[in-house]
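Protein chains in written order, with our numbering: chain Z, 1 to 299; chain F, 1 to 412.
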Amino acid sequence: MSASSRRARVQPERLLGQPAVVLLLLWMIVPLAMTVYFSTQYFNLLYPKKSSFVGLENFAYFFTYPSFWTSVLNTVLLVGSVLAITVVFGVLISVLVDEHFPGQGIVRMLLVSPFFIMPTVAALAWKNLLMNPVSGFFAWIARAFGATPVNWFADWPLLSVILVVAWEWLPFAILIFVTALQSMDREQKEAAQMDGARAWAIFRYLTLPHLGRPIAVVVMVEAIFLLNVFAEIFVTTNGGPGDATTNVPFLVYTQALLEFDVGAASAGGLVAVVLANIVAVFLIRLIGQSLTARSGAPS
Amino acid sequence: MVRMQALSSEYERAHPGLRLNWVILEENTLRQRLTTDISTHGGQFDVMTIGAYEAPLWGAQQWLQPLDGLPADYELSDLFPNVREQLTAGGHLYAVPFYAEASITFYRKDLFAARGLTMPERPTWQQIRELAAALHQPDRGVYGICLRGKAGWGENMALLGTLVNAYGGRWFDPDWRPQIDTPPWHEAVSFYIDLLGRYGPPGPSDNGFNENLALFAAGRCAMWVDASVAGGTLVDPKESTVAAKVGFARAPQQVTDRGSSWLWVWSLAIPASSRQTQAARDFILWATSRAYLRKVGERYGVASTPPGTRLSTYEAPEYMAAAPFAKVTFDSLRAVDPAHPTLLPVPYKGIQLVSIPEFQAVATLVGRMVAGALTGRGQVDHVLRTCQNAVERTMKRAGYYRNSAARAAGEP
């Protein structure tokens, strides 16, 4: 096929793609533009006649809202802790189930299954079946050992939410790591064993470097979703007690649907977008560096 | 509401060609759905269930159809005057009530008798505290007092609003300056946190109306201050283990009795966007009529008659005999005055609420902060100062201090 005929065939295809691109752009730009517009208005849903242009006042209002810094801190704590838990335990568990043992398939399936439970359902199950201080499973265990049951969501609210979310996302990490481990070179491992390397040394110098990239993938994907955690908080603690479990998305929700303040909520939404981008850039930099550093170093 | 739905099949039979489609929602969801629908003129509903907060606000916005020229046999004068007052804006009635409640004190007569205590007919909060101390037996699963602790303007702030009023506090002064960082608020909130912390059930910040109702019905509370409407459940032996042992008294007062008991009304209204105005009007008049109230009493027992809306309910001797909570409810409902809710003058109407659109933002925030303080997160002084600043910011942003003269004149 000659070069000119190929060009002639590619052009119409590109043109055909244009409507989709335009549609996608509109799809993104229209809501964003509306959010930007509303963020410059004083607009209380209960009082639309009073709406007026207020410039950047909504942003000032959102930044100085009493719960704002708490919510940022909570978001960082939530994302950071869940990432740490899922990566550390994900690696350990997937190394464990990588060895052959009877019932391996079933165990792996059970390990992965929490990921397919809806967030609201998972949160309800944890709240009512496990962490309830009167009728929950943990309370039953505590009483069996003669201890006082912990009132999880009142005394350790953020930790409780972190545990629920980590439980949901651990299977995702395991899924990725188990798959990655299957592509690991068995012969290399056997050679190392013949040379007298202990299990720890194999883990440290063979398994971990091999898992570098999957870990980066897990951290990136989870970070994107964890910044938006909402259902678990809504179902279990409703952001409280006080603002102990209010993260940025939940704060936006309280502005929009509990206070009906569209202006401040739009400003908050934009702030959340910017925050998410900062985190994303930061993560990509960090992970990119560690990846290049690792692949550059002699193994 | 569930009973109204059950009985409305009779209404449908009497009105061929008319079909009612019900949407039943939980309270918070209901409020969100209705507010977004009515403020965007969505027109999804022909009849809406709204409360004492929304009715005058939405009426003033002309979002609701005014209910003028009601037929004589509806007997408008039979409705409690202050209940009607809550549903009126600018001289027009915008909703008709299907039940109304005041807050009252529930207590366990058997526990009081066992200790030789008596509940005053009109207790003060200090007396409540002493009684709670005497009755608190956590090792036997009975707590001195149960109160709402769950954050929300319709949950903990309803109770706390009346408590602050009783201590002589108010939300705003006549110039709309918030009064949260004042001695009455400090005393009231400190008292509330101390009382619940010492003599309340564990984890009070999780407990709203429903949780406390379950606790009291299970015999876990010696006292409880909440909506009079709970009386119907508590004296029903099918739903309550303490049915024969419940006593009733007025809501506690302290420095003053003004605003120490709240007034809440659930009512039916027709949004301006309704396309079936006449049918909607016929239905809501039927569902709040004397005949309907009688029908509920016949079907579900006299004590189940929807309370608090019609004076004639309380004139019927068989109702007063069947519902031991009726007298306290009646006295409380007659005494509450949403137009003069506090000891000091205020620019707003409403006892446990302030009838301005900004109130939801304000009270949601304060409710969350107080619930935090209740679990030991933050000192009362600090919390109230933060709330004061935040509320002032909200009010400033909403433009209350730019033309405060016009606002003080009663414009919402």
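Beta carbons: idealized from backbone N, C-alpha and C, even for Gly.
Whole beta strand (DSSP E) elements within the region 9-83 of chain F, 3-residue minimum: DSSP runs (the beta strand (DSSP E)) wholly in the region 9-83 of chain F: 48-51.
Could you confirm whether any beta carbon from chain Z is found closer than 8 Å to the beta carbon of G197 of chain F? Taking the first residue of the second sequence as position 1, residue 197 of chain F is located at position 197. Answer no: the Cβ-Cβ gap between G197 of chain F and chain Z never drops below 8 Å.
Where are the alpha helix (DSSP H) runs, 4 residues long or more, that stay fully inside the region 213-248 of chain Z, in chain order? Counting only runs of 4 or more, we get 231-236.
Whole-angstrom distance between Q104 of chain Z and G43 of chain F, CA atom to CA atom: As a position in the second sequence, residue 43 of chain F is number 43, starting the count at 1. As a position in the first sequence, residue 104 of chain Z is number 104, starting the count at 1. Between the C-alpha atoms of G43 of chain F and Q104 of chain Z there is a straight-line separation of about 57 Å.
Against M369 of chain F, what residues of chain Z qualify as contacts under a CB-to-CB distance less than 9 Å, listed in chain order? Reading the second sequence from its first residue, position 369 is the one you call residue 369 of chain F. What M369 of chain F touches in chain Z: P66, S67, G242, D243.
What three-state label does DSSP hand S260 of chain F in the structure shown? Within the second sequence, the letter at position 260 stands for residue 260 of chain F. Taken through DSSP and simplified to helix, strand or coil, S260 of chain F comes out as coil.
Taking G372 of chain F as the query, report the chain Z residues whose CB atoms sit under 8 Å from its CB, ordered along the chain. In the second sequence, the residue the question calls residue 372 of chain F occupies position 372. Under a criterion of Cβ atoms nearer than 8 Å, the residues of chain Z adjacent to G372 of chain F are, in order, G240, P241, G242, D243, A244.
Output, in sequence order along the chain, the residues in the region 182-207 of chain F whose CB is closer than 7 Å to any CB in chain Z. Answer in chain order: P202, G203, S205, D206.
Thinking A267 of chain Z and F62 of chain Z are a contact (beta carbons under 8 Å), I'd like their distance in whole angstroms, please. Counting from one through the first sequence, the residue named residue 267 of chain Z turns up at place 267. Counting from one through the first sequence, the residue named residue 62 of chain Z turns up at place 62. Contact flag correct, Cβ pair sits at about 5 Å.
If you check the beta carbons only, do S289 of chain F and Y99 of chain F fall under 8 Å apart? Numbered from 1 along the second sequence, position 289 holds the residue referred to as residue 289 of chain F. Numbered from 1 along the second sequence, position 99 holds the residue referred to as residue 99 of chain F. Going by C-beta atoms, S289 of chain F is not nearer than 8 Å to Y99 of chain F.
Tell me the DSSP secondary structure of M223 of chain F in three-state form. On the second sequence, residue 223 of chain F is found 223 positions in, with the first residue counted as 1. DSSP places M223 of chain F in strand when its eight states are reduced to three.
Go ahead and label P81 of chain F buried or exposed: buried means 16 or more other beta carbons lie within 10 angstroms of its beta carbon, across all protein chains shown. Sequence index remark: in the second sequence, residue 81 of chain F carries index 81 (1-based). Exposed, since its Cβ has fewer than 16 Cβ neighbours within 10 Å.
Is A154 of chain Z close to chain F, meaning its C-beta is less than 8 Å from at least one C-beta of that chain? Locating residue 154 of chain Z in the first sequence gives position 154, where the first residue counts as 1. With a threshold of 8 Å between beta carbons, A154 of chain Z makes contact with chain F.
So with CB distances below 7 Å, who are the chain F contacts of P48 of chain Z? Indexing the first sequence from 1 puts residue 48 of chain Z at position 48. Those are S39, listed as they occur along chain F.
Tell me whether G296 of chain Z sits in a helix, a strand or coil according to DSSP, three-state version. In the first sequence, residue 296 of chain Z corresponds to position 296, counting from 1. Reliability fails at G296 of chain Z, whose pLDDT of 45 lies under 50, so the model's placement of it is uncertain and the value that follows must be treated cautiously. G296 of chain Z falls in the helix class under three-state DSSP.
Check each residue of the region 332-363 of chain F: if its Cβ is closer than 8 Å to any Cβ of chain Z, include it; give the result in chain order. The residues in question are P357, E358, Q360, A361.
For D261 of chain Z, which beta-bridge partners are listed by DSSP? As a working note, residue 261 of chain Z is residue 261 in the first sequence. Answer is Z:N44.
With a threshold of 8 Å on Cβ separation, who are the neighbours of T36 of chain F within its own chain once the five nearest residues in sequence on each side are excluded? Residue numbering aside, residue 36 of chain F sits at position 36 when the second sequence is read from its first letter. Around T36 of chain F, the same chain offers G42 as residues with beta carbons nearer than 8 Å, after the five sequence neighbours per side are excluded.
Checking contacts by CB at 8 Å: is N151 of chain Z closer than that to chain F? What you label residue 151 of chain Z is simply residue 151 of the first sequence in a count that begins at 1. With 8 Å as the cut-off, N151 of chain Z counts as an interface residue toward chain F.
At the 8 Å Cβ level, is V281 of chain Z part of the contact set with chain F, yes or no? The residue given as residue 281 of chain Z occupies position 281 in the first sequence. No - not a single Cβ of chain F is within 8 Å of the one on V281 of chain Z.
What residue does the beta strand (DSSP E) around E101 of chain F start on, and which one ends it? Counted from its first residue, the second sequence places residue 101 of chain F at position 101. Residues 96-108.
Terminal residues of the continuous beta strand (DSSP E) containing A287 of chain F? What you label residue 287 of chain F is simply residue 287 of the second sequence in a count that begins at 1. Where A287 of chain F is concerned, there is no enclosing beta strand (DSSP E), although the alpha helix (DSSP H) it sits in stretches over 277-287.
Are the CB atoms of R281 of chain F and L293 of chain F within a distance shorter than 8 Å? What you label residue 293 of chain F is simply residue 293 of the second sequence in a count that begins at 1. What you label residue 281 of chain F is simply residue 281 of the second sequence in a count that begins at 1. Not in contact: L293 of chain F and R281 of chain F (Cβ atoms no closer than 8 Å).
Could you check if E101 of chain F is buried or exposed, using at least 16 other CB atoms within 10 Å of its CB as the buried criterion? As a working note, residue 101 of chain F is residue 101 in the second sequence. The residue in question, E101 of chain F, is buried, as its Cβ has 16 or more Cβ neighbours within 10 Å.
Looking at chain Z, which residues of the region 234-260 of chain F have a Cβ within less than 7 Å of any of its Cβ atoms? Of all residues in the region 234-260 of chain F, none places a beta-carbon less than 7 Å from a beta-carbon of chain Z.
Could you tell me if E99 of chain Z is buried or exposed, where buried requires 16 or more neighbouring beta carbons within 10 angstroms of its beta carbon? Looking up residue 99 of chain Z in the first sequence gives position 99. Per the 10 Å Cβ criterion, exposed.
Option in F:A52, F:D46, F:W22, F:D331 with minimal Cα separation from P338 of chain F: Counting from 1 along the second sequence, the entry for residue 338 of chain F is found at position 338. P338 of chain F has its Cα closest to that of F:A52, out of F:A52, F:D46, F:W22, F:D331.
Quick one: which residues of the region 385-402 of chain F get their C-beta closer than 9 Å to a C-beta of chain Z? List them in chain order. If the cut-off is 9 Å between Cβ atoms, the region 385-402 of chain F has T386, C387, N389, A390, R393, T394, R397, A398, G399 near chain Z.
Against chain F, does E57 of chain Z count as a neighbour if the rule is that its beta carbon must be under 8 Å from one of theirs? Taking the first residue of the first sequence as position 1, residue 57 of chain Z is located at position 57. It does; some Cβ of chain F falls within 8 Å.
Smallest Cα separation from Y42 of chain Z: which of Z:I284, Z:A256, Z:F101, Z:N277? To locate residue 42 of chain Z, count along the first sequence from 1; it is residue 42. Y42 of chain Z has its Cα closest to that of Z:A256, out of Z:I284, Z:A256, Z:F101, Z:N277.
How would you call A144 of chain Z, buried or exposed, if buried means at least 16 neighbouring beta carbons within 10 angstroms? Taking the first residue of the first sequence as position 1, residue 144 of chain Z is located at position 144. So A144 of chain Z ends up on the exposed side.
Residues near E358 of chain F in its chain [Cβ-Cβ closer than 6 Å; skip 5 each side]: Numbered from 1 along the second sequence, position 358 holds the residue referred to as residue 358 of chain F. Within the same chain, and ignoring the five residues on either side of E358 of chain F in sequence, the residues whose Cβ sits closer than 6 Å to its Cβ are T394, A398.
Can you tell me whether DSSP reads S355 of chain F as helix, strand or coil? Locating residue 355 of chain F in the second sequence gives position 355, where the first residue counts as 1. S355 of chain F sits in coil when the DSSP states are folded into three classes, being neither helix nor strand.
Hey, quick one: how far does the alpha helix (DSSP H) through R250 of chain F stretch, first residue to last? Residue mapping note: residue 250 of chain F aligns to position 250 of the second sequence, counting from 1. From DSSP, R250 of chain F is part of no alpha helix (DSSP H) but of the beta strand (DSSP E) over 246-250.
For the candidate residues F:V302, F:V189, F:D110, whose alpha-carbon lies nearest to that of A243 of chain F? Counted from its first residue, the second sequence places residue 243 of chain F at position 243. Checked all of F:V302, F:V189, F:D110; the closest Cα to A243 of chain F is F:D110.
Proximity test, Cβ basis, 8 Å: F260 of chain Z and chain F: One-based indexing of the first sequence puts residue 260 of chain Z at position 260. At a cut-off of 8 Å between C-beta atoms, F260 of chain Z counts as an interface residue with respect to chain F.
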